[in-house]
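Asks:
Protein chains in written order, with my numbering: chain A, 9 to 118; chain B, 274 to 393.
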């Protein structure tokens with residue numbers, strides 16, 4: 009079967025660093041995506057990894073290890089506006105739709 | 274910017290009604306998708322379409338059908354709405370053209386704003 013696991017909830021304080029993990033087991037692999045979703049809004053694209061290693065985009069970084077079926081999203085210098093759900097999604101076989109994890113709800117407090 | 278527009282933000286329908294959810298994208302994307310999102314279950318794929326008049330079942334197609342007569346429009350149809358179809362429905366689109374290897378600014382989906390459907 010196909011499975012994507014990520015923690016349900018995480019909490020952190022302003023200015024801190026938080027790492028959201030995602031493990032996956034899918035039929036084929038053609039890339040891993042992270043999306044941010046604020047309550048009541050559509051998901052918005054954050055990052056994409058298809059090769060092993062770290063991709064950095066400002067305060068956000070995403071890491072991929074294909075051999076371990078593992079990724080993480082790293083958020084630095086947390087701000088209150090980072091309180092949201094973070095969705096991990098995998099593109100399995102070519103030509104198929106994205107498979108989403110259940111999402112991690114991050115709460116940032118002052 | 275790519276725009277994916279869902280015709281209604283909120284809908285309330287009665288059990289047994291036939292319901293149409295419309296999704297339109299303005300960037301000539303080949304692929305379009307319908308998901309539903311429920312608390313604790315995440316996004317689950319209902320149907321997707323590779324191109325005009327082409328459709329594939331996703332993980333939870335029961336009780337739904339789709340129509341793609343034009344490239345820009347992908348409609349989700351609830352043949353006979355039931356209370357267990359109360360949910361947030363998200364449409365997304367994606368182009369086939371992308372670069373392999375390096376990361377890209379957006380290799381994934383562009384989502385619509387969602388339609389929150391309540392069936393009473």
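All C-beta atoms in this analysis are idealised placements derived from N, C-alpha and C, irrespective of residue type, glycine included.
Can you pull the chain B residues whose beta carbon is under 9 Å from the beta carbon of residue 89 (chain A), in chain order?
Replies: Within chain B, no residue comes near residue 89 (chain A); the closest Cβ sits about 19 Å away, beyond 9 Å.
Asks: Helix, strand or coil for residue 38 (chain A), going by three-state DSSP, please let me know.
Replies: Note: residue 38 (chain A) maps to coil in three-state DSSP.
Asks: Do residue 367 (chain B) and residue 304 (chain B) have their C-beta atoms closer together than 8 Å?
Replies: Contact: yes.
Asks: Taking CB distances under 8 Å as the criterion, tell me whether residue 124 (chain A) reaches chain B.
Replies: Residue 124 (chain A) lies beyond the residue range present for chain A, which begins at 9 and ends at 118; the question has no answer from this structure.
Asks: To the nearest angstrom, how far is it from the Cα of residue 331 (chain B) to the Cα of residue 350 (chain B)?
Replies: Rounded to whole angstroms, residue 331 (chain B) to residue 350 (chain B) spans 14 Å at the Cα level.
Asks: Could one say the Cβ of residue 403 (chain B) lies closer than 8 Å to chain A's Cβ atoms, at least one of them?
Replies: The structure shown does not extend to residue 403 (chain B), since chain B is modelled only from 274 to 393, so the question has no answer here.
Asks: Opposite residue 346 (chain B) in the DSSP bridges: which residues?
Replies: Beta-bridge pairing links residue 346 (chain B) to B:297 and B:343.
Asks: Alpha carbon to alpha carbon, what distance is there between residue 339 (chain B) and residue 29 (chain A)?
Replies: Each residue's alpha carbon lies about 35 Å from the other.
Asks: Would a check of beta-carbon distances place residue 348 (chain B) closer than 8 Å to chain A?
Replies: By this cut-off, residue 348 (chain B) is not an interface position.
Asks: Is the beta carbon of residue 13 (chain A) closer than 8 Å to that of residue 100 (chain A)?
Replies: Going by C-beta atoms, residue 100 (chain A) is not nearer than 8 Å to residue 13 (chain A).
Asks: At the level of alpha carbons, what is the spacing between residue 76 (chain A) and residue 392 (chain B)?
Replies: Residue 76 (chain A) and residue 392 (chain B): Cα-Cα distance of roughly 42 Å.
Asks: Given that a residue counts as buried once 16 or more other Cβ atoms are within 10 Å of its Cβ, and exposed if not, what is residue 357 (chain B)?
Replies: Answer is exposed; the Cβ neighbour count stays below 16.
Asks: Quick one: is residue 24 (chain A) buried, meaning 16 or more other Cβ sit within 10 Å of its Cβ, or exposed?
Replies: Residue 24 (chain A) is exposed by the Cβ-count criterion.
Asks: Given this structure, state the Cα-to-Cα distance separating residue 355 (chain B) from residue 337 (chain B), to the nearest angstrom.
Replies: Those two C-alpha atoms are separated by around 11 Å.
Asks: I'd like the list of long-range same chain contacts for residue 324 (chain B), defined as Cβ closer than 6 Å, with 5 residues on each side in sequence excluded.
Replies: Within the same chain, residue 324 (chain B) has close Cβ partners 303.
Asks: Going by the C-beta, is residue 382 (chain B) closer than 7 Å to any heavy atom of the ligand HEM?
Replies: As far as ligands go, the structure on display features none, and thus does not contain the ligand HEM.
Asks: Rounded to whole angstroms, what is the Cα-Cα separation between residue 32 (chain A) and residue 293 (chain B)?
Replies: Their backbone Cα atoms lie some 34 Å apart in a straight line.
Asks: So, helix, strand or coil for residue 88 (chain A), using DSSP?
Replies: Residue 88 (chain A) falls in the helix class under three-state DSSP.
Asks: So residue 45 (chain A) and residue 92 (chain A) are supposed to be a Cβ contact under 8 Å. How far apart are they, rounded?
Replies: Yes, they are in contact, since the Cβ atoms of residue 45 (chain A) and residue 92 (chain A) sit about 6 Å apart, within 8 Å.
Asks: Pick helix, strand or coil for residue 374 (chain B), following the three-state DSSP scheme.
Replies: For residue 374 (chain B), the pLDDT reaches just 38, beneath the cut-off of 50, and the residue's location in the model is therefore unreliable, leaving the point undetermined.
Asks: Contact check, residue 67 (chain A) vs residue 85 (chain A) under 8 Å by CB: the rounded distance?
Replies: Going by Cβ atoms, the distance from residue 67 (chain A) to residue 85 (chain A) rounds to 5 Å, so yes, they are a contact pair.
Asks: Under 8 Å between C-beta atoms, does residue 390 (chain B) make it to chain A?
Replies: Judged by the 8 Å Cβ criterion, residue 390 (chain B) is not in contact with chain A.
Asks: Kindly indicate which three-state DSSP category residue 31 (chain A) falls into: helix, strand or coil?
Replies: DSSP places residue 31 (chain A) in strand when its eight states are reduced to three.
Asks: Show which residues of chain B have a CB atom less than 7 Å away from the CB atom of residue 51 (chain A).
Replies: The contacting residues are 384.
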